[in-house]
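Please read the structure below before turning to the comments.
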Amino acid sequence: MHDKNISLNSTPKYIQQLLLGKFGILLGLIVLTVVFATQSDVFLSSGNVKNILIQSAVNAVIAAGMTFVIICGEIDLSVGASLALSSVIGARIMVDTGNVALGVVVALAVGTLFGALNGVIVAWLGFPAFIVTLSTMWLFRGSAYVFTSGQAIVNLPSGLMNLALGSFLGIPLIIWLMALVYLICHIVLTKLTIGRKVFAVGDNREAARLSGINVKVIKLFVFSVSGFLAALSGIILMARLNSGQPIAGSSFEMYAIAAAVIGGSSLTKGGIGGVLGTLIGAVFIATLQNGLVILNVSSFWQQVMMGIVVLLAVGIDKLRKKLTD
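Under my numbering, the final residue of the sequence shown carries the number 307; numbering is consecutive throughout.
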């Protein structure tokens, strides 16, 4: 009888946790879709659904890297600026050599190095990640403007457009790429030893160190992953815009954090989260943006709505923490 009472008393809390987790955001996405579908006949058309997924790809890829960092108990505010600087460097290589593959490799390498720089400063020098990545955000963004003299890099090789316009089995290549990124990230976090170490470091850094985990290396790893995926996101955006833009990625760090937190990662406690929830969060944000555009909502009000979404994400995170304490 005692066990039965415990079970009954714990049911409301369980339901609350469920609603604040991946199930809740999935339910929210469905409700949002229904609302927009009732207001517009074109919202659920196959073309617009593809548009939503393509629009979500840039944020989804960069948010996957952010998820690694947040699970590890850190934060990376430099991802948007890293996206910009790595992509304009890659764009310059493409224009100068005519070699798309070389430009992509250089951009990814540069983005990874930027992430590693953050990781070294945070892990080995012991500086707070918030201050470090806030500083490198300005450093990378300013460097992107200096590198390009504030001008977009245009006349990119036509081969880059294959990523933006190409498709396989009727599904755009960008969507396939996003799916591949999430599949790999999910496997790394859930199936590989290094993924379990990321969770362990985020959950209890000192306990992880005492158990033999090299905490500094894990921090270097997650920031490097974040930098790599920021650069990959920049390549996707560059293909869509057919140019390298020093202003690209502005405020993307906030969208990435919002997608990760909405999807179940915690800003207040490490060791919590997963990329599948982040993917749903990224699609939720893209769906909201797309629906507001279709309904001709002013861009000013769109910014207001995104601000509310970020605040809700933080609020949901606080509620999750309260329920698990």
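Cβ atoms here follow ideal geometry from the backbone N, Cα and C, with glycine treated the same way.
Treat the numbers as computed from the prediction; the structure is a model and nothing was measured.
If we count the other Cβ atoms within 10 Å of its Cβ and call it buried at 16 or more, is residue i buried or exposed?
{"i": "ALA66", "result": "buried"}
{"i": "THR(-7)", "result": "At THR(-7) the pLDDT is 47, less than 50, meaning the model places this residue with poor confidence; the figure from the coordinates comes in the next sentence. Exposed."}
{"i": "VAL16", "result": "exposed"}
{"i": "LEU35", "result": "buried"}
{"i": "GLY184", "result": "buried"}
{"i": "LYS173", "result": "exposed"}
{"i": "ASN144", "result": "exposed"}
{"i": "GLY72", "result": "buried"}
{"i": "ALA295", "result": "buried"}
{"i": "GLN271", "result": "buried"}
{"i": "THR175", "result": "exposed"}
{"i": "ILE166", "result": "exposed"}
{"i": "VAL87", "result": "exposed"}
Taking the CB atoms as reference points, tell me whether residue i and residue j lie closer together than 8 Å.
{"i": "VAL114", "j": "ASN100", "result": "yes"}
{"i": "LEU26", "j": "PHE266", "result": "no"}
{"i": "GLY245", "j": "ILE262", "result": "yes"}
{"i": "PHE18", "j": "GLY209", "result": "no"}
{"i": "GLY55", "j": "GLY252", "result": "yes"}
{"i": "ALA146", "j": "ALA45", "result": "no"}
{"i": "GLY226", "j": "ALA134", "result": "yes"}
{"i": "ALA238", "j": "LEU90", "result": "no"}
{"i": "VAL211", "j": "VAL163", "result": "Correcting the residue identity first, residue 211 is Leu in this sequence and not Val. Going by C-beta atoms, LEU211 is nearer than 8 Å to VAL163."}
{"i": "VAL199", "j": "ALA240", "result": "no"}
{"i": "ALA105", "j": "LYS201", "result": "yes"}
{"i": "ILE52", "j": "GLY259", "result": "no"}
Across which residues does DSSP place residue i in a beta bridge pair?
{"i": "SER150", "result": "The question names Ser, yet the displayed sequence has Phe at residue 150. Answer by DSSP bridge pairing, in chain order: ILE153."}
{"i": "GLY226", "result": "ILE135"}
Note down the Cα distance separating residue i from residue j, rounded to an integer number of angstroms.
{"i": "GLY216", "j": "VAL82", "result": "14 Å"}
{"i": "THR94", "j": "VAL61", "result": "11 Å"}
{"i": "ASN(-13)", "j": "PHE205", "result": "Only weak support exists for where ASN(-13) lies, its pLDDT of 42 falling under 50; the value from the coordinates is given anyway. Cα-Cα distance, rounded: 46 Å."}
{"i": "SER38", "j": "ALA264", "result": "6 Å"}
{"i": "VAL334", "j": "VAL92", "result": "Any answer about residue 334 is impossible in this case: the structure gives the chain only from -17 up to 307."}
{"i": "VAL180", "j": "THR20", "result": "43 Å"}
{"i": "VAL257", "j": "ILE156", "result": "18 Å"}
{"i": "GLY148", "j": "ASN186", "result": "45 Å"}
{"i": "PHE203", "j": "ARG178", "result": "13 Å"}
{"i": "ASN30", "j": "VAL279", "result": "17 Å"}
{"i": "PRO110", "j": "ILE103", "result": "9 Å"}
{"i": "ILE229", "j": "TYR127", "result": "8 Å"}
{"i": "LEU301", "j": "GLY255", "result": "15 Å"}
{"i": "GLY289", "j": "SER247", "result": "19 Å"}
{"i": "THR250", "j": "GLY141", "result": "43 Å"}
{"i": "VAL275", "j": "SER131", "result": "32 Å"}
{"i": "LEU(-10)", "j": "ARG191", "result": "Legend: pLDDT at LEU(-10) = 39, less than 50; position of this residue unreliable, value from coordinates given subsequently. Each residue's Cα considered, the two are about 39 Å apart."}
{"i": "TRP283", "j": "GLY124", "result": "29 Å"}
{"i": "LEU277", "j": "ASP23", "result": "11 Å"}
{"i": "SER28", "j": "VAL40", "result": "20 Å"}
{"i": "ARG74", "j": "GLY85", "result": "8 Å"}
{"i": "GLY152", "j": "TRP158", "result": "11 Å"}
{"i": "VAL170", "j": "ALA182", "result": "14 Å"}
{"i": "GLY297", "j": "HIS168", "result": "25 Å"}
{"i": "GLN285", "j": "SER68", "result": "26 Å"}
{"i": "SER311", "j": "LEU107", "result": "Since the displayed the chain opens at -17 and closes at 307, residue 311 lies outside it and no answer follows."}
{"i": "ALA98", "j": "MET287", "result": "34 Å"}
Thinking residue i and residue j are a contact (beta carbons under 8 Å), I'd like their distance in whole angstroms, please.
{"i": "VAL70", "j": "PHE129", "result": "6 Å"}
{"i": "THR269", "j": "LEU14", "result": "6 Å"}
{"i": "LEU59", "j": "GLU188", "result": "Actually they are not in contact, since the Cβ atoms of LEU59 and GLU188 sit about 25 Å apart, beyond 8 Å."}
{"i": "PHE96", "j": "SER64", "result": "5 Å"}
{"i": "VAL197", "j": "PHE50", "result": "Not a contact, Cβ separation roughly 15 Å."}
{"i": "GLY80", "j": "PRO154", "result": "Not really, about 25 Å apart at Cβ, beyond 8 Å."}
{"i": "PHE112", "j": "ILE57", "result": "6 Å"}
{"i": "VAL43", "j": "MET119", "result": "Not a contact, Cβ separation roughly 18 Å."}
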